[in-house]
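Numbering (the working numbering), first residue to last: 28 to 182. Here a beta-carbon is modelled for each residue, glycine too, at the ideal position from N, C-alpha and C. Note that the structure is a prediction, hence the values are computed from the model and not measured. Worksheet for the structure shown next.
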């Protein structure tokens with residue numbers, strides 16, 4: 028349900044010069060480089076009013092109805108680095124914090140970075156970061172179906 032949000036955030040981080048992937052995307056880990064793995068850990072979605080109806084928009088010449096909600100999100104931003112690059116975890120955690128604060132339509136109220144430790148599953152160093160955020164999320168009505176949620180203003 029919220030996978031598009033994690034994909035959008037990974038794209039935003041990549042655009043900020045951070046190697047970012049979404050969690051559980053099925054790709055093999057590259058243990059030779061530092062990167063951040065993005066997931067939506069939890070989401071509390073509440074109505075933005077009027078049954079979530081925002082109005083209509085035109086996209087690629089097609090008129091679509093828009094619906095939106097307010098979301099309180101907890102993002103999991105796991106920073107991984109090769110075992111020989113302990114300092115990379117701290118550096119990348121700081122870059123992630125700076126970049127996530129700059130994402131349009133996302134308001135970060137809290138960012139937490141845990142200590143760096145060895146992660147047996149990946150054979151890499153890992154620093155667990157989380158961000159508590161609020162955002163408006165939108166859905167487009169395509170025919171009779173509602174599309175998945177997206178962050179407002181982050182196509």
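Next item on the list: Leaving out five residues on either side along the sequence, give the residues of the same chain with a beta carbon under 6 Å from the beta carbon of residue 92.
Entry: By one-based count along the chain shown, residue 92 stands at place 65. Within the same chain, residue 92 has close Cβ partners 83, 168.
Check: Can you give the Cα-Cα distance for residue 159 and residue 124, rounded to whole angstroms?
Finding: As a working note, residue 159 is residue 132 in the chain shown. As a working note, residue 124 is residue 97 in the chain shown. Distance between the alpha carbons of residue 159 and residue 124 is about 11 Å.
Notebook entry, point to check: What does a CB cutoff of less than 8 Å around residue 112 pick up in its chain, not counting 5 residues either side in sequence?
Noted result: If you number the chain shown from 1, residue 112 lands on position 85. These residues qualify, in order along the chain: 61, 152.
Notebook entry, point to check: Leaving out five residues before and five after residue 47 in sequence, what residues of the same chain have Cβ atoms less than 7 Å from its Cβ?
Noted result: Working through the chain shown from its first residue, we reach residue 47 at position 20. Cβ neighbours of residue 47 beyond the five flanking positions: 37, 40, 41, 62, 63, 65.
Next item on the list: Determine, using beta carbons only, whether residue 67 and residue 29 come nearer to each other than 8 Å.
Entry: For this step, residue 67 is matched to residue 40 along the chain shown. For this step, residue 29 is matched to residue 2 along the chain shown. Yes, they are a contact pair.
Notebook entry, point to check: From which residue to which residue does the alpha helix (DSSP H) around residue 49 run?
Noted result: To locate residue 49, count along the chain shown from 1; it is residue 22. No alpha helix (DSSP H) holds residue 49; the beta strand (DSSP E) holding it covers 47-49.
Next item on the list: Starting from the C-beta of residue 33, find all residues in its chain whose C-beta is less than 6 Å away, skip the five residues before and the five after it, and write them out in chain order.
Entry: Mapped onto the chain shown, residue 33 falls at position 6. 49, 65, 66, 67, listed in sequence order.
Margin query: Threshold first: 4 residues or longer. Then list the alpha helix (DSSP H) segments lying entirely within the segment 101-126, N to C.
Written below: none
Checklist line | Classification of residue 138 by the beta-carbon crowding that lies within 10 angstroms, buried from 16 upward | finding: Here the question's residue 138 lines up with position 111 in the chain shown. Under this definition residue 138 is a buried residue.
Checklist line | Range covered by the alpha helix (DSSP H) that runs through residue 38 | finding: As a first step, residue 38 must be located in the chain shown, where it is residue number 11. Taken as a continuous stretch (DSSP letters only), the alpha helix (DSSP H) holding residue 38 covers 30-42.
Note to self: Closest to residue 144 by C-alpha separation, out of 81, 79, 109, would be which residue?
What the structure shows: Counting from 1 along the chain shown, the entry for residue 144 is found at position 117. Closest option to residue 144, Cα to Cα, is 109.
Checklist line | Beta-bridge pairing of residue 63 - partner residues as DSSP gives them | finding: One-based indexing of the chain shown puts residue 63 at position 36. Paired residue(s): 47, 106.
Notebook entry, point to check: Cβ of residue 163 within 8 Å of Cβ of residue 132?
Noted result: Within the chain shown, numbered from 1, the residue matching residue 163 stands at position 136. Within the chain shown, numbered from 1, the residue matching residue 132 stands at position 105. In contact: residue 163 and residue 132 (Cβ atoms closer than 8 Å).
Next item on the list: Could you please give the first and the last residue of the uninterrupted beta strand (DSSP E) stretch that includes residue 154?
Entry: Along the chain shown, one-based indexing puts residue 154 at 127. Its beta strand (DSSP E) spans residues 151-169.
Margin query: With H, G and I counted as helix, E and B as strand and the rest as coil, what does DSSP make of residue 128?
Written below: Indexing the chain shown from 1 puts residue 128 at position 101. If DSSP states are grouped into helix, strand and coil, residue 128 belongs with the helices.
Item checked: Own chain residues within Cβ distance below 8 Å of residue 74, not counting five before or after -> Mapped onto the chain shown, residue 74 falls at position 47. For residue 74, where only same-chain residues beyond five positions count, the Cβ hits under 8 Å are 96, 97.
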